[in-house]
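Chemist: Residue numbers (my numbering): 10 to 142.
Note that beta-carbon positions come from the ideal geometry of N, C-alpha and C, so glycine has one too.
Note that the structure is a prediction, hence the values are computed from the model and not measured.
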C-alpha cells in the first residue's frame, strides 16, 4: 500500500501548521525582538517585513498545498536566517533534557526543505499538479 500523498499531507500539516503559530504570535505581539537582532547584525530593519510572509503566508500556502514548493523554500530561508541571527550561540549545544538545543528550528528547516523537494501531493488545493506544487 502506497501512501506517499498522505505522508506529504501530514508533513505539510505539521510544518506549516506549527510554524504558523509563531507567525500569528509575532503579528499579535510585535517584531521588536527581530528588529533588534537585525540591527545587531547590521542588516536593514526593512527585512522584518519578511517575517509575516515567512511565518504566516508561506505556512498557509504550505498547509493548503498551493504554490507549495516556493512557499516551503521561503519557510526554509526564514529558518536559516533565524538560526543565524538568533540561535547560533546554541548551535553545538544540548538542552537540559539532553536533546539538541535547536531541534525545533532544525525540524522546521529540514521539514520545509523536504516539502520543497517532495511537493504538495494529491491531497492539496492544487491536487499536486504543476511544477510549483
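Using DSSP with H/G/I as helix, E/B as strand and the rest coil, what is residue 95?
Modeler: Residue 95 falls in the helix class under three-state DSSP.
Chemist: Rounding to the nearest angstrom, what Cα-Cα distance links residue 44 and residue 11 in this structure?
Modeler: Their Cα atoms are separated by approximately 46 Å.
Chemist: Helix, strand or coil for residue 109 per DSSP?
Modeler: Strand, per DSSP.
Chemist: I need the DSSP call for residue 103, collapsed to helix, strand or coil.
Modeler: Strand at residue 103.
Chemist: Within the same chain, show all residues whose beta-carbon is closer than 7 Å to that of residue 123, passing over the 5 residues directly before and after it, in chain order.
Modeler: The answer, listed in chain order, is 20.
Chemist: Should residue 107 and residue 72 be called a contact, given that it needs their Cβ atoms to be closer than 7 Å?
Modeler: Going by C-beta atoms, residue 107 is not nearer than 7 Å to residue 72.
Chemist: Could you give the residue range of the alpha helix (DSSP H) that holds residue 129?
Modeler: Element bounds for residue 129: n/a, residue is neither H nor E.
Chemist: Does the structure place the region 102-117 close enough to the region 57-65 that three or more beta carbon pairs sit under 8 Å?
Modeler: No, because fewer than three Cβ pairs between the region 57-65 and the region 102-117 fall closer than 8 Å, the two stretches do not touch.
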